[in-house]
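Trainee:
Numbering (the numbering used here), first residue to last: 5 to 789.
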């Protein structure tokens with residue numbers, strides 16, 4: 005879509021806004037939430053200015069379907085052809101080959117967003133920003149009026165003579181007569197029909213291939229001092245059928261392109277979406293497949309995050325070798341692993357962590373950044389399966405791009421939402437035939453996105469929706485409907501129903517295996533992962549017990565009695581004897597040898613001194629433990645332990661493994677780098693109803709901007725630098741901290757901006773708590789922060 009660059013709002017937009025009632029103005033504000041960004045617009049004129057900016061119009065336009073953009077294109081075409089004060093509805097309908105009634109109905113989404121409206125004279129008005137030239141996408145060039153207006157009277161007179169247009173001594177009259185000729189398609193076609201050989205063929209190439217091409221429009225000489233020879237291009241240029249551009253190319257003007265396309269040429273208009281090719285899909289099948297996918301997603305996320313940490317490449321991405329390893333270890337597909345990693349990062353279950361900087365003059369290589377599990381993952385693991393699934397779906401719904409598509413896109417989240425919404429709008433019990441069918445419908449719904457890119461994103465979004473349990477068999481169930489509606493209660497109910505079908509029991513074999521036929525519940529998968537190794541996943545998952553896996557569980561604090569009881573509670577029948585024998589046998593030998601994890605060792609010949617060090621209060625942070633009369637262990641490294649002992653009044657030295665004294669400079673303690681932030685939450689949405697009432701109430705009040713010097717005599721106090729700086733910042737409208745004395749005498753710091761003078765009070769925007777308020781000048785004093 006083509007826009008003009010942020011012009012000032014015209015009176016038509018302000019007048020239209022002022023004529024709206026509260027519900028209709030609230031509808032515009034709902035569809036254009038950026039217009040309510042802080043500081044709020046005070047009046048309708050301020051609102052109109054915001055609605056006219058390109059930064060506001062562009063996202064609103066992306067929400068339009070094809071007929072809305074097609075109407076805007078026709079309006080822009082009519083504007084280029086001279087309709088500058090509004091375009092008659094009937095004329096727009098004529099260019100679209102439709103009726104005025106159908107076009108009027110299709111204007112609903114445009115009006116609801118303040119992008120186009122009908123005035124009292126049944127003229128379509130648009131904000132000045134929308135007066136672009138989107139019709140160029142249909143092979144049409146720029147209008148002829150601008151290049152003609154740059155010609156002098158003699159040049160215009162010469163063109164008129166060649167065209168057979170009666171000349172006039174007044175330049176504007178002659179210019180109007182020429183434009184009337186070019187906008188008359190029949191006269192232009194007659195001119196081309198009578199043109200010399202080659203002209204019609206040349207012009208038809210411009211019509212077929214586009215309005216611009218490299219072409220010399222000048223006369224040529226066959227040989228030196230010979231008279232000029234007129235070519236088809238120069239003949240067309242002499243009559244403005246072709247004009248020269250700034251880049252040296254020739255261009256066919258808009259009016260000529262329209263004339264040569266004939267009287268039957270129309271812009272495309274598709275008020276109805278394309279018919280969907282659908283097939284019946286059993287709701288029970290959708291429920292079963294989405295439940296299996298959702299439970300598989302929970303299992304994959306748990307397994308992958310518990311496998312962390314993972315190194316990051318220098319480019320910041322995750323290496324293909326790691327993806328391949330995770331795919332092999334988990335039995336998942338590459339697409340599943342990619343999606344799981346993105347979801348875990350978005351939900352902050354995983355976090356990218358920078359390594360600490362190397363010590364000065366260190367020759368050790370700098371370790372790569374790592375992706376590590378977070379405390380949030382520990383909390384998430386303690387939630388119910390339904391709650392875990394809701395958090396992952398929330399992360400997926402707000403992902404900025406599609407995961408399964410290599411091409412970056414800034415509309416990936418919008419296409420994801422569109423894909424699920426299109427499926428949710430199908431009749432219950434039906435699904436689309438294939439993703440190509442869904443792509444055809446998406447082109448109608450999102451015409452501002454490049455069609456090839458859109459189809460790729462829709463295919464990727466459908467694949468992602470299938471992997472997270474939102475879609476199955478090209479249809480969605482209750483989960484998809486809940487996501488589209490944003491109904492939290494419906495989403496909670498849908499997730500709880502999905503996970504209710506999880507398998508909670510396992511079949512234990514005498515070969516030390518456990519088999520789960522179907523998607524395991526999160527609780528069952530977690531239990532088996534603690535005490536066994538997963539071998540296969542899919543329609544049936546297999547875990548294998550071994551001495552190493554049982555020992556791992558015991559190392560993590562499990563007891564043999566507890567393991568046998570927990571496994572027995574999920575077993576189909578009795579636990580096989582080989583498994584109970586294995587657990588009891590490993591537990592009897594478990595812990596027969598102890599290993600202490602220490603960072604450094606303190607040695608000395610005086611047992612009394614070492615006992616004193618072990619009991620010293622200042623050294624408790626070292627975790628000192630007496631393991632022999634002449635040996636202490638410390639949980640801190642040697643450098644930290646040396647420093648702590650010296651701070652406590654002792655005189656230690658560092659020794660090597662051979663007992664010799666180590667002589668070296670102390671290594672500085674370097675603070676760890678903070679982890680990288682991953683995601684930000686959206687802000688609070690303003691209430692459009694309240695703002696509509698406020699704007700309509702304030703629509704008649706005139707703005708009272710501060711003038712330079714207005715506060716000098718109104719604000720008390722001295723004329724110190726702080727006071728002068730405060731006055732200057734207020735008068736320029738910059739945000740400034742002030743100290744304000746409230747009614748109860750307390751002094752409060754406020755960050756204020758956008759001031760207006762009302763007698764001896766200032767109407768200002770306050771960032772905290774957010775809103776406008778009146779401040780008495782006598783209570784304001786400088787305040788910094």
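Yeah, the Cβ is synthetic: ideal placement off N, Cα and C, and Gly gets one too.
At a cut of 8 Å, does the region 190-207 reach the region 236-246 through at least three beta carbon pairs?
Mentor: yes
Trainee: Determine whether the beta carbon atoms of residue 498 and residue 516 lie at a separation below 8 Å.
Mentor: no
Trainee: So, with DSSP's three-state summary, where would you put residue 574?
Mentor: coil
Trainee: Look at the alpha carbon of residue 715 and the alpha carbon of residue 729, and state the distance between them as a whole number of angstroms.
Mentor: 12 Å
Trainee: Rounded to whole angstroms, what's the CA-CA distance from residue 129 to residue 296? Just pull it up for me.
Mentor: 53 Å
Trainee: Along the chain, where does the alpha helix (DSSP H) that runs through residue 196 open and close?
Mentor: 189-197
Trainee: I need the straight-line Cα distance from residue 374 to residue 314, nearest angstrom please.
Mentor: Whole-angstrom Cα-Cα distance: 5 Å.
Trainee: What residue range is occupied by the uninterrupted beta strand (DSSP E) comprising residue 762?
Mentor: 751-762
Trainee: Buried or exposed for residue 617, going by 16 or more other Cβ atoms inside 10 Å?
Mentor: Buried: at least 16 other Cβ atoms inside 10 Å.
Trainee: State the Cα-Cα distance for the pair residue 458 and residue 413, rounded to the nearest angstrom.
Mentor: Whole-angstrom Cα-Cα distance: 10 Å.
Trainee: Counting only the same chain and skipping the five closest in sequence on each side, list residues whose C-beta sits under 7 Å from that of residue 604.
Mentor: Result list for residue 604: 638, 640, 641, 642, 645, in chain order.
Trainee: Taking the CB atoms as reference points, tell me whether residue 522 and residue 507 lie closer together than 8 Å.
Mentor: Yes, the pair counts as a contact, with Cβ atoms nearer than the cut-off.
Trainee: If we ignore side chains and look at the alpha-carbon of each, how far apart do residue 772 and residue 753 end up?
Mentor: 10 Å
Trainee: How close, in whole Å, do the beta carbons of residue 579 and residue 590 come, if the pair is a contact with beta carbons under 8 Å?
Mentor: So it is not a contact: roughly 15 Å between Cβ atoms.
Trainee: Determine, using beta carbons only, whether residue 351 and residue 301 come nearer to each other than 8 Å.
Mentor: No, the Cβ-Cβ distance between residue 351 and residue 301 is not below 8 Å.
Trainee: Does residue 214 come out as helix, strand or coil in the three-state DSSP assignment?
Mentor: coil
Trainee: Quick one: what does DSSP say residue 529 is sitting in, helix, strand or coil?
Mentor: Correct three-state label for residue 529: helix.
Trainee: I'd like the list of long-range same chain contacts for residue 486, defined as Cβ closer than 7 Å, with 5 residues on each side in sequence excluded.
Mentor: 494, 495, 498
Trainee: From residue 636 to residue 594, what does the alpha carbon distance come to, in whole angstroms?
Mentor: 26 Å
Trainee: How would you write the range of the alpha helix (DSSP H) that residue 177 sits in, first residue to last?
Mentor: 175-186
Trainee: For residue 91, which of 538, 54, 131 has the nearest alpha-carbon?
Mentor: The candidate whose alpha carbon is nearest that of residue 91 is 131.
Trainee: Is residue 20 helix, strand or coil by DSSP?
Mentor: helix
Trainee: Between the region 28-41 and the region 692-705, are three or more C-beta pairs nearer than 8 Å?
Mentor: yes
Trainee: Taking buried to mean at least 16 other C-beta atoms within 10 Å of its own C-beta, is residue 85 buried or exposed?
Mentor: buried
Trainee: Report the rounded CA-to-CA distance for residue 460 versus residue 478, giving the unit in angstroms.
Mentor: 16 Å
Trainee: Throw me the rounded Cβ distance for the residue 780 and residue 760 pair, which I believe falls under 8 Å.
Mentor: Actually they are not in contact, since the Cβ atoms of residue 780 and residue 760 sit about 14 Å apart, beyond 8 Å.
Trainee: Helix or strand or just coil, what does DSSP make of residue 374?
Mentor: strand
Trainee: Threshold first: 4 residues or longer. Then list the alpha helix (DSSP H) segments lying entirely within the region 376-443, N to C.
Mentor: As far as the region 376-443 is concerned, its whole alpha helix (DSSP H) runs of at least 4 residues are 379-385, 389-402, 416-428.
Trainee: Does the distance from the CB of residue 423 to the CB of residue 393 come in under 8 Å?
Mentor: no
Trainee: Do you know how far the Cα of residue 156 is from the Cα of residue 173?
Mentor: Roughly 12 Å separates the two Cα atoms.
Trainee: So if DSSP puts residue 204 in a beta bridge, which residue, or which two residues, is it bridged to?
Mentor: Note: residue 204 sits in no beta bridge, so no partner.
Trainee: Please classify residue 738: is it buried, with 16 or more other beta-carbons within 10 angstroms of its beta-carbon, or exposed?
Mentor: Looking at its Cβ environment, which holds fewer than 16 other Cβ atoms inside 10 Å, residue 738 is exposed.
Trainee: As a quick exercise: from 552, 551, 592, 546, pick the residue whose alpha carbon is nearest that of residue 565.
Mentor: 592
Trainee: Since residue 219 is in the beta strand (DSSP E), which residue starts that stretch and which ends it?
Mentor: Careful: residue 219 lies outside any beta strand (DSSP E) and carries neither H nor E.
Trainee: With a 10 Å radius around its C-beta and 16 neighbouring C-beta atoms as the bar for buried, classify residue 65 as buried or exposed.
Mentor: buried
Trainee: When the distance is taken between beta carbons, is residue 17 closer than 8 Å to residue 56?
Mentor: yes
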